[in-house]
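Heads up: the structure comes next, in C-alpha cells.
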Amino acid sequence: MEHLPVHFPYETKIAGPVQYRWMYPFERFVYCIKMYVAIFVSLEGFIVNAYLLREASIFCSHYFETGIPTHNRRLPRNDDGGGNEQPDDNIEILDIFSYPGYHYGRFSNRMLSDEELHVVHTYILLNEDKIKHYIGY
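With full-length UniProt numbering, letter number 131 in the sequence shown gets 131, and the count goes up by one each step, no holes.
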C-alpha cells in the first residue's frame with residue numbers, strides 16, 4: 001500500500017485521467033446489448049441488430065405524442081403531475097409548497113396544535129427567500 005501515493009500520480013501522468021481509460025461503461029453497454037440476444041450462434045450479428053434496433057427505437061420515440069410514456073421520457077420517480085401549476089396568474093406559489101410526490105400509507109387529516117402552527121410560521125418567515133424583504137417592516 002505504500003507504493004500507491006507514488007504509483008497513482010505516475011500512472012495519471014503517463015496514461016491520463018482514469019475516466020478516459022476505464023472500461024466499465026463499455027462493458028456495461030455490451031452487457032445490456034447482449035441481453036437482447038436470444039440465440040448465441042452468430043453473436044456479433046445479433047449484437048449489431050440489437051444495437052440498431054435500440055438506436056432506431058430511441059430515435060422514433062422522440063416523435064411520439066407527449067402523453068405516450070417512453071423509456072427516454074420517463075417521469076421522475078415521485079412526480080404525481082401536480083404542484084407546478086398556479087391557480088391564478090396574480091398569486092405566486094412559494095417554492096416550499098410545490099414539491100410533487102406521493103404520500104405513503106393511509107391519508108388522514110389532522111389539525112395542527114398552536115405550538116406546531118407557531119413553529120411552521122416561524123420556519124417559513126425565517127427560511128423563505130421571497131419573504132426576507134418583508135421582515136424589516
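No residue lacks a Cβ here, since even glycine has one placed at the ideal position from N, Cα and C.
Within the same chain, no residue comes within 7 Å of PRO17 by CB-CB distance, once the 5 residues on both sides are set aside.
Within the model, the alpha-carbon separation for ILE47 versus ALA56 is close to 14 Å. The C-alpha of ARG106 is placed about 41 Å away from the C-alpha of TYR36.
Here the alpha carbon of HIS133 sits roughly 15 Å from the alpha carbon of TYR123. Boundaries of the alpha helix (DSSP H) around LEU43: 43-61. No Cβ-Cβ contact shorter than 8 Å links VAL120 with LEU126. In the DSSP assignment, ASP114 falls within the alpha helix (DSSP H) that extends over 114-127. Within the same chain, ASN72 come within 7 Å of ILE58 by CB-CB distance, once the 5 residues on both sides are set aside.
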